[in-house]
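Here's the structure we're looking at; comments come further down.
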Amino acid sequence: MTSRGAGTAFSRRNYRLSIESEKPKVTGIVNSKLLNDYLRRIFPSADGIQPAAAYRKPLTFQNLQEHLDKLLAEDSGAEDSRDQVLEGRLGPSTVVLDHTSGFEGLLLVDDDLLGVIGHSNFGSIRATTCVYKGKWIYEVLISSQGLMQIGWCTLNCRFNQEEGVGDTPDSYAYDGNRVRKWNVTTTNYGKSWAAGDIVSCLIDLDEGTIAFCLNGVSLGTAFDNITRGAGMAYFPAISLSFKESVAFNFGSRPLRYPVEVLQDPPSVDLVKAHKLLGYLKNVIHIGIDVLEGKLVEKDTSTWQLQGEPTVLITLAHIFNHFAPLMCKVYLVEDVLMNFLLSILEQGGSVEAHPLIQQLLDLMWLLMEDYEVHECLKQLLMSLLRAYRFSPIIPDLGLQIHYLRLTIAVLKHEKSRKYLLNNVLFDVLRSVVFFYIKSPLRVEEAGLQELIPTTWWPNRFTKEGKESKEVKEESAEERLRRRAYDRGCQRLKKRIEVVEELQVQILKLLLNNKDRGGGEASRYIFLNKFRKFLQENASSRGNLTVLCPPEYMVCFLHRLISTLRCYWDGHKTKAPAALSSEEAYVPPQLFYNGKVDYFDLQRLGGLLSHLKKTLKDDLALKANILIDPAELQAVTMDDLDEDEESATSTAQRPVAALAIGGALARPSWLSSPTLGRANRFLSTAAVSLMNPRRSLGTLEKMKARTLSVEQRTEDDKGSHGNEGLLLGRPPEEPEQSITENSLLEILDGIVMMYNLSVHQQLGKMVGVSDDVNEYALALKDTEEKISRCPKKRRDIYEELVKSQKVFSEKLNHLSRRLAWINVTIYSKEKMQDIYWLLRVCIRTIEHGDRTGSLFAFMPEFYLSVAMNSYSTLKNYFSPVHCMEELPGYEETLTRLAAILAKHFADSRIVGTDIRDSLMQALASYVCYPHSLRAVERIPEEQRISMMRNLLAPYEQQPWAQTNWILVRLWRGCGFGYRYTRLPHLLKTKPEDANLPSLQKPCPSTLLQQHMADLLRSDCDMAPSFLNSVLNQLNWAFSEFIGMIQEIQQAAERLERNFVDSRQLKVCATCFDLSVSLLRVLEMTVTLAPEIFLDWSRPSSELLLRRLAQLLNQVLNRVTAERNLFDRVVNLRLPGLESVDHYPILVAVTGILVRLLMDTDFQGQFQGDLSFKRGFCITKERQSAKTAIGGEAEVCAVTVERNMMLSPQRN
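Using my numbering, the first residue of the sequence shown is number 627, and each one after it goes up by one.
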């Protein structure tokens, strides 16, 4: 691998390396004898034998260059042996992936041609070099653990999208995903791999064998008697499925587990580098005592240059040879990185080793800029690879070692700024340094020693679920649980060491007190951070730039810890500012154009639309003036950019994504290729006036809007982003919040959570679910063993085998779960998410007070508020409960107020976000704790919420609205207290779980609000009920039509399979019909006068419509041997919820409430025939056909009341 500076002529820095010729005996620094002794000690001969004094020529700076050249040339003979090493190999000396002809399918290849990502079904690619004799090895760094086949192939192998390496006669592969080896046929082989593992691929063409190693441990010989002979040469090759990624090492870097490499190491340069490093160490160890005239030993830990001319010139000679070598990745990793690591191995904190800072000063002083840049880049890349692919050991010592060196390098200000500007985020994807990978093989991670005793709960319980009685914990189980907890605490302490080092790295990157000139590190970080967010926000699904979500989770927590530390640090210096516990993002950030939100959706729609429609409000409330002419220009620019984007998108497959071709693509190891930068949303010219100052005609001046790249030092202030808070609305207090740069970071954290963190937190819960399933399976197996007859020895042995398998799996999963609970679901991580939830709540509350300007808020703030609450409630239990968090009740109430107010907020226009708010509110009313929070919000807001829920269904998502009302009623209706479908309890008790298993928790307070609104508003009741009746008519009619189609398909002679989607839609229509009937039952119960008080103009019509629909339902459901019966009796999977009971008890509940209300019996005198003919008959049919005893009693009661009603009147 060549350096960036290769092929370009650079003039090296000139230093005066020799003395003046007219003063041959005087150095001007130290006397000649002392200088000679010093240089002899620094640059000893190779054999260590000094020449005799009589024959020794004094060594000075004048002849030092000649002496040094001679020393470095002593081992140059090693270069002659390189031809022997090359025997048995064909191809370029630098081995890379063949992205020009040696591939099949669509692949994305790194800029260095060593990393690859699959971008098609099963793409294949080989290397540029093949071998035909001898022993060879290459390494593959596994970045993802999916389907891949890694090994060797010949030039004659032909691959396609279905067959890859190992699927043809002369190709051989190992697949750690399926734990198999492949050569046309396949057999079990090896162990499963995980992301972060290193696979070594070995071929012995003398013996004719192929073997593989995983993290240096041999997996045994995979293939023997491979085809050899004339014309047979093997290429390294890989086939990988979509989104899988690896990085190859053919020898361009030191192999982790070396044998004979495909690419020869730079042996001559390696010898030179080690020699020069030895000379550098001598300079550090040996000092000159000028006063005493002698050489002295120095303590390396406290070594400083201190401007000594003799030492400086000596170092200049060393770096004159050393600097070009440090541009090569192999030498940086093998020589420089190991030397720097050895300095830190002496123990103590990073601050206790200032030698690394001194060495970096020397590099910037004595090396060319391009050399320092390349050296630092390769050093950080080597550190990243070492950290990313180091095996996990119990004390995480390797990861700690590499992080400590990263901190030491970043402590150097000039190096830190260069790396921030050019390497971190751009090349390395620095968030990798904040990731702690989860071990899939707990044995190799040492978790068995760390957590010797395993334990798992008998049953997970969540709020609202029906929980079975759990036996009291036995003494043995208690001891196991306590031992397991102690092991988890030991693991937690070790992981906390790594997390603290990661936080230290971020603290360095967020430092805004740099002593040097130029922009502070924090603001460089801010620019890169926003670009990083932009890549991930605008490229969802684009594999080339997305940061893996597991990295994002760790990065989020470290960034929160760092931000809060700086935030509270500012609070101590400025007591008037807010603490991190009161943090929020002020609303002016959303519309003053100082923060780039890319193309993310706002609550009120597109930004250009908002600026047009709300320009008067911006001018009045925020003193922001939109220039109409420039706004029109922006609109035209948007159209042009859209056309350009469409054109470039259409051309991109031809230019860069040719099918069957490999792409040079960016990844976490290479520099990202950014496409067309998304326009900065605030491209319109705005005028930012002094807050609260009245605007005159002459005062309306224009001010330019700046993107992140265009900000000047004035725009940022003196390290403070002074323009960030311009446009403060009158509702916003004038109190200082914190440093403006921290506000921008906080805004980015909220955005980052929305991008991928929430989804990843949900995925990791799967391990906990697996533990629960295996625990239940083990318990069931143990019960079967206890019941197994002694005569059935065969069954007993099989059960014991199953018990052993389940126990081993549980032991593995419980240790892995301990790791996940510490790294992802710990109490500290829960507090981070809770803090983020409270930040979003305060931000939404402040934004809401701005009135119409609330529409400028990005949608993701509401999304994060809802999702973070869902995470706290569902993902962290049962390890940690949300109830333990401080201020839990208050937070729950404030979030309830937000959901109650904004689910029908006219300022929010996005369909998706409105649906999300509705679903969140529906989930909120399902659980007692959150429902009580809804009841605690101010009465005015509760009434407003109920009024919005009672709006005509045609004007809102009626299914979600109806479901909310049903949840408020469930537990009060007729036969409506069940948590399992009653008709399934006898036939299929194991399938009797409803989609929602929460116990009924009705709200009488909200029911009363509903009754009051329906009674008091004469227009609301008929409009609401008519919409409910319309939807009921539609839903039940659709249901009947679908079951007719299902019945017809079942009656055909030929074998037919009903589409599962059709069955799902059919069941959904039935459930909707039942829920609509329950809302009608709720209305009849709470406000019967709406139907029965005929002084109301709409009562008679509503009652007639209700009677007609109930008649239709009963006719379809209760007739003997009808269509409904036949479909129910088919017992089709997916239609378990379709039965007589749910719908008939709902109808019965309506009729009972109508007929039991004696206050209005006089209204029914003229309609007695309707009551007897309709109600009594249908109720008796219902009782006979489906409902059973309970409904029979109901029917008798109804009949008795009906017969007595004339006598009473």
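Every residue gets a Cβ at the ideal spot worked out from N, C-alpha and C, and that includes glycine. Keep in mind it's a predicted model, so treat the numbers as computed, not measured.
Per-residue burial, residue i [other beta carbons within 10 Å of its own, 16 or more giving buried]
i: residue 1156; result: buried
i: residue 1042; result: buried
i: residue 1782; result: exposed
i: residue 1146; result: buried
i: residue 1421; result: exposed
i: residue 1523; result: buried
i: residue 1732; result: buried
i: residue 1520; result: buried
i: residue 1125; result: buried
i: residue 916; result: exposed
Local conformation of residue i per DSSP, three classes
i: residue 990; result: helix
i: residue 765; result: strand
i: residue 1510; result: helix
i: residue 847; result: strand
i: residue 1606; result: strand
i: residue 1213; result: helix
i: residue 1001; result: helix
i: residue 1418; result: coil
i: residue 1064; result: coil
i: residue 1015; result: helix
i: residue 820; result: coil
i: residue 1275; result: Because residue 1275 carries a pLDDT of 38, less than 50, the predicted location of this residue cannot be relied on, and the following value inherits that uncertainty. Residue 1275: helix per DSSP, three-state reduction.
i: residue 1267; result: In this prediction, residue 1267 scores a pLDDT of 44, lower than 50, which makes its location untrustworthy; no coordinate-derived value is stated.
i: residue 897; result: helix
i: residue 1540; result: helix
i: residue 663; result: helix
i: residue 934; result: coil
Where the beta strand (DSSP E) containing residue i begins and where it ends
i: residue 920; result: 920-923
i: residue 775; result: 774-779
i: residue 829; result: 824-830
i: residue 1562; result: First-last for residue 1562: 1554-1562, but that is the alpha helix (DSSP H), not the beta strand (DSSP E).
i: residue 603; result: No answer is possible for residue 603: the residues shown for the chain start at 627 and end at 1835.
i: residue 1491; result: It is not in any beta strand (DSSP E) - residue 1491 instead sits in the alpha helix (DSSP H) that spans 1485-1500.
i: residue 913; result: 912-915
i: residue 584; result: Summary: the structure shown does not reach residue 584, with the chain confined to residues 627 through 1835, and so no result is reported for it.
First and last residue of the uninterrupted alpha helix (DSSP H) at residue i
i: residue 1247; result: 1241-1248
i: residue 595; result: Summary: the structure shown does not reach residue 595, with the chain confined to residues 627 through 1835, and so no result is reported for it.
i: residue 783; result: Note, residue 783: premise wrong, no alpha helix (DSSP H); not H, not E.
i: residue 812; result: Element bounds for residue 812: not the alpha helix (DSSP H) but the beta strand (DSSP E), 811-814.
C-beta atoms of residue i and residue j nearer than 8 Å
i: residue 788; j: residue 748; result: yes
i: residue 1599; j: residue 1707; result: yes
i: residue 1178; j: residue 998; result: no
i: residue 1693; j: residue 1761; result: yes
i: residue 1698; j: residue 1769; result: no
i: residue 944; j: residue 902; result: yes
i: residue 838; j: residue 831; result: no
i: residue 895; j: residue 951; result: yes
i: residue 836; j: residue 848; result: yes
i: residue 1113; j: residue 1083; result: no
i: residue 1218; j: residue 1352; result: yes
Selected residue, minimal CA-CA separation from residue i, among the options
i: residue 1153; options: 1221, 960, 1535, 970; result: 1221
i: residue 790; options: 1569, 808, 829; result: 808
i: residue 727; options: 782, 950, 1040, 770; result: 782
i: residue 690; options: 699, 669, 857; result: 669
i: residue 752; options: 721, 1067, 1389; result: 721
Residue-chain proximity (residue i, chain C), Cβ-Cβ < 8 Å
i: residue 1565; result: Absent from the structure: chain C. Only one protein chain is present.
heavy atom of the ligand NAP below 7 Å from residue i C-beta
i: residue 1106; result: Absence of the ligand NAP from the depicted structure is noted, as is the absence of any ligand whatsoever, leaving it without description.
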